[in-house]
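**Q**
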Amino acid sequence: MPILLVEDDDDLAVGLKTALQNEGFAVNRVALGRDALGAVAAAVPDIVILDIGLPDIDGLTVLQRIRKTLPDLPVIILTARATLDDKVAGLDCGADDYLAKPFETEELLARLRVMQRRLSTVKSNEIEIGPVTLDTVTQDVRIGTERVELARREYMLLKALMENAGRVQTREALEDRLYSWGEEIASNAVEVHIHHLRKKLAPDFIKTVRGVGYVIDKA
Ligand code: CA
């Protein structure tokens, strides 16, 4: 489950990112409000953890801008201003939850688990195309009832293609996808992973659009 972490305090951000990754979340961390808006525009995460005190755009303003296009994206705000007024302002701006600094990492993880449960009941977490089913919560991929073991990057690419079925994904866009979630990748990584995916799924499930990229046809 991809999380966007918006936090300018490096020490706090690094600690949180590690803790979240250990829980199995894919974490994209940015330090500025404008980078947060850019990241959300590039690929919508499942949850945003948003610090209010940012050096460029105030976190509440970031939240209001996110809400204009994504009214349902779950957002947890973090703030050092632990007064009731700030809490109310945050919730008024459309935050789903609120943590006052300093907080225990365990507390944040507990809130995230609640949010994850809510998400998995609200939105359908399975994408089914032809014989292939991908569960975005458990990250299970199946062909029929048979579970397929995928490496993390293979899963990420397959998810990007299945979520955009019928729309060609350029090689650059798929590379960006790997980069944006903090993956170090080689120049031919996308081709290599697609090659492996084809062997594991079915040779013709992912189609090559010569000179452009890849596509999975709609079911
Ligand atoms: Ca801050």
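For the sequence shown, this note's numbering begins at 7 and goes up steadily by one. Note that the Cβ used here is the ideal one computed from N, Cα and C, for glycine as well.
1) What does the alpha-carbon distance come out to for the pair Val174 and Ile135?
2) Can you tell which of Val196, Gln145, Ala192 has the C-alpha that lies nearest to the C-alpha of Ala179?
3) Here's a check: name, in chain order, each residue in its chain whose Cβ is nearer than 8 angstroms to the Cβ of Val68, leaving out the five neighbours to either side.
4) Can you check the segment 168-222 for any alpha helix (DSSP H) of at least 4 residues that lies completely inside it and give the ranges in chain order?
5) Under the three-state reduction of DSSP, which class applies to Thr85: helix, strand or coil?
6) So is Gly65 buried or exposed if we call it buried at 16+ other beta carbons inside 10 Å?
7) Can you tell me where the beta strand (DSSP E) with Ala25 in it begins and where it stops?
8) Is Thr67 helix, strand or coil when you go by DSSP?
9) Would the C-beta of Leu60 count as close to ligand 1, meaning under 7 angstroms from any of its heavy atoms?
10) Ignoring anything shorter than 4 residues, give me the alpha helix (DSSP H) runs that lie fully in the segment 77-152, in order along the chain.
11) Among Leu164, Arg159, Leu115, whose alpha-carbon lies nearest the alpha-carbon of Ala192?
12) Would you mind reading off the limits of the alpha helix (DSSP H) that contains Asp41?
13) Where does Ile72 sit, in a helix, a strand or coil, going by DSSP?
**A** Straight from the coordinates:
1) Cα-Cα distance, rounded: 15 angstroms.
2) Among Val196, Gln145, Ala192, the Cα nearest to that of Ala179 belongs to Val196.
3) Around Val68: Val12, Gly39, Ala42, Leu43, Leu56, Leu60.
4) Here the runs fully enclosed are 177-186, 195-206.
5) Strand, per DSSP.
6) The Cβ neighbour count for Gly65, taken over all protein chains shown within 10 Å, is at least 16; the residue is labelled buried.
7) In this chain, Ala25 is not harboured by any beta strand (DSSP E); it is covered by the alpha helix (DSSP H) spanning 16-28.
8) Of the three classes helix, strand and coil, the one that applies to Thr67 here is helix, per DSSP.
9) Distances from the CB of Leu60 to the heavy atoms of ligand 1 include at least one below 7 angstroms.
10) Whole alpha helix (DSSP H) segments, 4+ residues: 90-98, 111-128.
11) Looking from the CA of Ala192, the closest CA among Leu164, Arg159, Leu115 belongs to Arg159.
12) Segment 39-48, the alpha helix (DSSP H) holding Asp41.
13) Secondary structure of Ile72 (DSSP, three-state): helix.
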